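*Asks:* The sequence shown: position 20 = 20 (our numbering), numbered continuously.
Got a structure here, written out as structure tokens. Questions coming.
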Amino acid sequence: MSTTVNGINVGDLNSTISAVKENPAAARCTFRTHTVWGKGFQNQAVIGDYDQAGARVSRGRTFQLSGDHPKGLLGQNTAPAAVEALIAAAGACIAGGWATFGAAMNIPVEALEIDLEGDIDLQGFMGLGDGVRPGLERIRGKIYVKSPATDEQLQQLKETAEKLSPVVDSLRLPVQTELVRMKR
């Protein structure tokens, strides 16, 4: 019988790790989104199947994410701004890391909340101000955790979840981006 810690089946986790050790190509994934612009800053992104180890994996459904801007930033306030979705993605990825690595380290997490905020200077987006980047300048936050683990164990788990977070890594280091304009 397999143990579940933090909602993660530890046997499945260990089997997945072993499979990747035996065949590192099994860890290669390609995720996709399809975004359709509506008007202004409004858009709808659809997320569906992905590739793993060169094969298409069907999720059996799609997910939709809406985007917009607040009215004070020329939007209609119908959905979060893209930078807010990015910050939320970082929080979700860190939380998943706490669950997964906590399970691997046998550290139970009874409750977890992550508050993140990001600073941006919109002069960069507007093409104003020399040297002002258009993206986020800084993300900071607080992680509230309830666990019977020691402070040392929780600190190690925090560091591991941040260090191995794909989203945090993508924010910290440059990601090669290639966009090709196509005509319809």
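Backbone N, C-alpha and C fix where the C-beta goes; we use that ideal spot for every residue, glycine too.
Bear in mind the structure is a predicted one, so any value in this text is a computation, not a measurement.
Sort out for me which residues DSSP pairs Trp37 with in a bridge.
*Replies:* According to the DSSP secondary-structure assignment, Trp37 is paired through a beta bridge with Asn43.
*Asks:* Output yes or no for whether 9 Å exceeds the beta carbon distance between Phe63 and Ile47.
*Replies:* yes
*Asks:* I'd like to confirm the pairing. Which residues does DSSP put opposite Gly118 in its beta bridges?
*Replies:* Ile139
*Asks:* So, with DSSP's three-state summary, where would you put Ile17?
*Replies:* helix
*Asks:* What residue does the beta strand (DSSP E) around Gly102 start on, and which one ends it?
*Replies:* It is not in any beta strand (DSSP E) - Gly102 instead sits in the alpha helix (DSSP H) that spans Ala82 to Ala104.
*Asks:* Nearest by alpha-carbon distance to Glu84: which of Pro166, Asp12 and Ile139 is it?
*Replies:* Each of Pro166, Asp12 and Ile139 was checked against the Cα of Glu84, and the nearest Cα belongs to Ile139.
*Asks:* Where do the N-terminal and C-terminal ends of the alpha helix (DSSP H) with Leu154 fall, by residue?
*Replies:* Asp151 to Lys163
*Asks:* Could you tell me the distance, in whole angstroms, from the CA atom of Ile107 to the CA atom of Glu162?
*Replies:* 16 Å
*Asks:* Leaving out five residues before and five after Ala185 in sequence, what residues of the same chain have Cβ atoms less than 6 Å from its Cβ?
*Replies:* In this structure the chain extends from 1 to 184, so residue 185 is not present and cannot be described.
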